[in-house]
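In the UniProt record's numbering, the protein residues as written are 1 to 754.
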Amino acid sequence: MEAPPSATTEATTSNEVSALPMEIVTDIVARLPAKMAGRSRCVSRAWRDALTSDYFVDLHARRANRPGHPKLLLTPVGSSYDTDYLYSWQPGGAVEKLMPDDFSNSFIVPLTKPCHGLILVRDGDHGSYFVCNPSTGVFLRLPDSHAPMKMIRRRKMFEHHRPPFFKDVSYGLGYCAVRKEFKVVRLFCHPKKSETQTTKSTSCEVFVLNTLAYWRPAVEKPPLRRVREAKPAVFLSGYLHFLCDDGGIITFSISDEMFGSLPPPPGFEDAASVITELDGCLCLCYVDRESEDIIYHVCILRDYKEARWETLCRIDGTTWLESERTLLSSAWVAPLVMYDGGQKIMFATGYCQVFVVNLDGSAPQILFTQDETIIGKVKDDDIPSIGLFEESLVPVGGTIGEMIFSSPTTEMWFDILKWLPTRSVLELSLVCREWRAIVMTHWFAQSHVFHANRKKSPRIMIIMDPRHASYIDLKEFVDGQQTPNLMVNLVCSQPCRGLNVGSCFHWDFICNPAIGYCKIIEFDDHDRTFFAGRIGLGFDSEIDRHVMVRITYKEKDMQTRHYKLQCKLCYVNDGKWRPVEPPPRPVAATPPTSVKGKIYWMVEPKLGPVSETCEVVAFDVDKVEFEVLRGPPCSHDKGRMTILRLNGALCVTCSDQRANTIDIWMMKDFEFWSMEYHIELDEFGTDYLSENTTPLTIDPKDGRILLSTDLSLGYYDPKTAALETMFAVGNPKLYGKVCPLICQESLICPLDPF
Numbered sequence: 001m002e003a004p005p006s007a008t009t010e011a012t013t014s015n016e017v018s019a020l021p022m023e024i025v026t027d028i029v030a031r032l033p034a035k036m037a038g039r040s041r042c043v044s045r046a047w048r049d050a051l052t053s054d055y056f057v058d059l060h061a062r063r064a065n066r067p068g069h070p071k072l073l074l075t076p077v078g079s080s081y082d083t084d085y086l087y088s089w090q091p092g093g094a095v096e097k098l099m100p101d102d103f104s105n106s107f108i109v110p111l112t113k114p115c116h117g118l119i120l121v122r123d124g125d126h127g128s129y130f131v132c133n134p135s136t137g138v139f140l141r142l143p144d145s146h147a148p149m150k151m152i153r154r155r156k157m158f159e160h161h162r163p164p165f166f167k168d169v170s171y172g173l174g175y176c177a178v179r180k181e182f183k184v185v186r187l188f189c190h191p192k193k194s195e196t197q198t199t200k201s202t203s204c205e206v207f208v209l210n211t212l213a214y215w216r217p218a219v220e221k222p223p224l225r226r227v228r229e230a231k232p233a234v235f236l237s238g239y240l241h242f243l244c245d246d247g248g249i250i251t252f253s254i255s256d257e258m259f260g261s262l263p264p265p266p267g268f269e270d271a272a273s274v275i276t277e278l279d280g281c282l283c284l285c286y287v288d289r290e291s292e293d294i295i296y297h298v299c300i301l302r303d304y305k306e307a308r309w310e311t312l313c314r315i316d317g318t319t320w321l322e323s324e325r326t327l328l329s330s331a332w333v334a335p336l337v338m339y340d341g342g343q344k345i346m347f348a349t350g351y352c353q354v355f356v357v358n359l360d361g362s363a364p365q366i367l368f369t370q371d372e373t374i375i376g377k378v379k380d381d382d383i384p385s386i387g388l389f390e391e392s393l394v395p396v397g398g399t400i401g402e403m404i405f406s407s408p409t410t411e412m413w414f415d416i417l418k419w420l421p422t423r424s425v426l427e428l429s430l431v432c433r434e435w436r437a438i439v440m441t442h443w444f445a446q447s448h449v450f451h452a453n454r455k456k457s458p459r460i461m462i463i464m465d466p467r468h469a470s471y472i473d474l475k476e477f478v479d480g481q482q483t484p485n486l487m488v489n490l491v492c493s494q495p496c497r498g499l500n501v502g503s504c505f506h507w508d509f510i511c512n513p514a515i516g517y518c519k520i521i522e523f524d525d526h527d528r529t530f531f532a533g534r535i536g537l538g539f540d541s542e543i544d545r546h547v548m549v550r551i552t553y554k555e556k557d558m559q560t561r562h563y564k565l566q567c568k569l570c571y572v573n574d575g576k577w578r579p580v581e582p583p584p585r586p587v588a589a590t591p592p593t594s595v596k597g598k599i600y601w602m603v604e605p606k607l608g609p610v611s612e613t614c615e616v617v618a619f620d621v622d623k624v625e626f627e628v629l630r631g632p633p634c635s636h637d638k639g640r641m642t643i644l645r646l647n648g649a650l651c652v653t654c655s656d657q658r659a660n661t662i663d664i665w666m667m668k669d670f671e672f673w674s675m676e677y678h679i680e681l682d683e684f685g686t687d688y689l690s691e692n693t694t695p696l697t698i699d700p701k702d703g704r705i706l707l708s709t710d711l712s713l714g715y716y717d718p719k720t721a722a723l724e725t726m727f728a729v730g731n732p733k734l735y736g737k738v739c740p741l742i743c744q745e746s747l748i749c750p751l752d753p754f
């Protein structure tokens, strides 16, 4: 057996390595793949300094990528093998696993060709965008790309008019050689409803990688042209090129952020085409729709200044064999690169196939099919399944969160801003780009909702119109003497980490009234009836996400006590409702509440098995299961019962209609209940009756309890047994009720569609 190297041998080897001239080291390492070159930085400090320099990164990009040997990135849709990886392939080689897909929820769609080694990709199902370096396996999630705020109908924060709304967006990735920075650009548009498909509004935003900043407006306002998400911009010669629906091309200068335009090839009118880069030129490919046969055109812009197009290749499908024509009938066909010394064009299809064609359009030569590879069978799709990548050591940059906590100054501002009210934070976010970047992060929103609401009196708002996110502060409501929209079938929950849920008629909603956000939730299987205990909201601290649980009755008979429930669960920002096992007890028509990772409902006493005492149903958001708890020693015969959270503990209110009193029971320990408050309402007149009075919350500053009736709102002081009425609707005969809402200071805005 070979003896292990001694300490002397290791020291000698280390000295020999360090004795190599650095010019030789860089020349050798520059020819290695990016992952191996990156690991070489760990040899010594001298190697790390040399191999991380801009000079070496540029040298490695030139040496490690041989001309004429393209590297293909494979992201097959519907693969029967393993979709947890991105694959690579080179002509003449085998398919290999390139990097794990740890950042998408479905499959990755490559959108751009390499820009100094970086590419722009998109999550196929969920829409999030990423900047990725496939050769090193590093990626960066772009903020506000899953469901951009500009593509959500919302109310302007603290203003009456709504901000612009856009339906379409197109992204692009470019590099500014002057400032040596990467920019992601997205172009929004809102088309008019007409046959001409003209656009009534546009907007352009820029995100600079590896800087503490957020999306910002471009220097120049974009022209009124319509773009599509399916057609990302192409970066070439310092410009991004957006293909418009009318066939024209919008250009965007990465350096000065000004817009221009280019004409399409002569005779081109069909927007169902592909724009890309080929042979260092802008390339536009399209199918001739006027012909009954498949005629595929490949046009390139040889003279950029004169905007002179030429047809590089014209493929007549009738000259191909019938088996070969299926290549052109794929839902997605696009040229990748010039091949065989520029004599052929390499194409890719939605079937994850690769073929080459001579410039005269003659019969194709198939280079790659997914059959009999580790990819397995795939399905055809109209989105890119193949792209190009390069060996590159270019970093994608740090996340905003990483940059915040790497600087003592920005970390200090983070700690200051998180204590301020929502409106103050939003106003201060306009001071500078760094503050806006801090405020817009998920980490700040979660920290802010915790710190900004500590030991503060509850903020009370009145729901004016739940469907249109119309809320008003109680003080403004009273001072302005506004007439509320009285609604019968409307309830709203207590806040849960900055969000509220509620029900109105047959639909539900989730909202953040602090920023004027509301999302309507509707189902096709509703029976058009109102049920106050229909939807609950909790928070899973393990995964840092809100959870909505919706319970409805499929069958209900009060005479026979027979019932049948159905239950669905949805994670906020997911949008997908999935069925879960319903609770073992029927739930009552009173809004649920959430306490410490569980959502609680009162049990309906008139359905199911008879119980001598009241019961509570609890849903554990972490375990995703229900359980039944014994409630306080209250009788349903005396009056109403509601469930709520007071001082961070689970409470049940029990009313006594005969005595006109309300008892508030608090769960001190598991199923151990203690009566904390006894409220006598007789002396407060007919406005406050136990049958319609509901405690909402407790003011942590003075311990007063907020009581709500259908038409009045007041603070009850347990120490003095006095009641201070905040407001009361003058006419008690009005049909309907005023719905108050407890609002937390919060920036959380789940903009994803449900």
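Glycine is no exception: its CB is placed at the ideal position from the N, C-alpha and C atoms.
Going by the CB atoms, is the gap between residue j and residue i shorter than 8 Å?
| i | j | result |
| --- | --- | --- |
| L696 | L706 | yes |
| C380 | A331 | Correcting the residue identity first, residue 380 is Asp in this sequence and not Cys. Yes, they are a contact pair. |
| P110 | P384 | yes |
| N210 | G397 | yes |
| V617 | V610 | no |
| K183 | I254 | yes |
| K556 | L607 | yes |
| E745 | N453 | yes |
| L689 | M667 | no |
| G648 | I599 | no |
| T661 | I679 | yes |
| L741 | Y517 | no |
| L224 | T251 | no |
| P232 | S170 | yes |
| L173 | L236 | no |
| S273 | C281 | no |
| K568 | R550 | yes |
Helix or strand or just coil, what does DSSP make of residue i?
| i | result |
| --- | --- |
| G174 | strand |
| C749 | coil |
| C739 | coil |
| W443 | helix |
| residue 757 | Missing from the structure shown is residue 757; the chain here goes from 1 to 754 and no further. |
| E427 | helix |
| H448 | helix |
| A649 | strand |
Have a look at residue i and residue j and give me their C-alpha separation to the nearest angstrom.
| i | j | result |
| --- | --- | --- |
| T593 | H442 | 24 Å |
| I386 | A348 | 6 Å |
| I275 | L312 | 14 Å |
| C743 | A514 | 7 Å |
| M675 | C432 | 52 Å |
| M99 | F531 | 49 Å |
| P5 | A64 | Residue placement at P5 cannot be trusted, given a pLDDT of 48 that sits under 50; what the coordinates show is reported in the next sentence. Those two C-alpha atoms are separated by around 33 Å. |
| G639 | D656 | 5 Å |
| S712 | D687 | 7 Å |
| P191 | K167 | 7 Å |
| S503 | L474 | 21 Å |
| M258 | L388 | 28 Å |
Mind checking whether the beta-carbon of residue i lies closer than 7 Å to any heavy atom of the ligand GTP?
| i | result |
| --- | --- |
| P579 | Looking at this structure, you won't find the ligand GTP or any other ligand, since it has none at all. |
Any C-beta of chain D sitting closer than 8 Å to the C-beta of residue i?
| i | result |
| --- | --- |
| F268 | Absent from the structure: chain D. Only one protein chain is present. |
Between residue i and residue j, which are expected to be in contact by the criterion C-beta below 8 Å, what is the C-beta distance as a whole number of angstroms?
| i | j | result |
| --- | --- | --- |
| L428 | W435 | 6 Å |
| P750 | I366 | Actually they do not touch by this definition, with Cβ atoms about 46 Å apart. |
| V587 | E604 | 6 Å |
| I101 | D125 | The question names Ile, but residue 101 is Asp in the sequence shown. With a Cβ gap of about 13 Å, D101 and D125 do not count as contacting. |
| I748 | V449 | 6 Å |
| P134 | L86 | 6 Å |
Complete runs of the alpha helix (DSSP H) confined to the stretch 380 to 418 [at least 4 residues] | 400 to 405 and 408 to 417
Could I get the ranges of all uninterrupted beta strand (DSSP E) runs contained in the stretch 675 to 734, with 3 residues as the minimum, in chain order?
-> 694 to 698, 705 to 708, 712 to 717 and 722 to 728
Length-filtered (4 minimum) alpha helix (DSSP H) runs lying within the stretch 286 to 325 = 322 to 325
Taking only runs that begin and end inside the UniProt domain "F-box" (20 to 60), name each unbroken alpha helix (DSSP H) of 4 or more residues, in chain order.
-> 22 to 29, 34 to 39 and 45 to 51
Mind listing, in chain order, the continuous beta strand (DSSP E) runs of no fewer than 3 residues lying wholly within the stretch 103 to 167?
-> 108 to 110, 119 to 123, 129 to 133 and 138 to 141
Of all the beta strand (DSSP E) runs that stay within the bounds of the stretch 573 to 608, which reach a length of 3 or more residues?
-> 578 to 580, 593 to 595 and 598 to 602
Segments assigned beta strand (DSSP E), at least 3 residues, entirely inside the stretch 502 to 539 | 507 to 512 and 517 to 521
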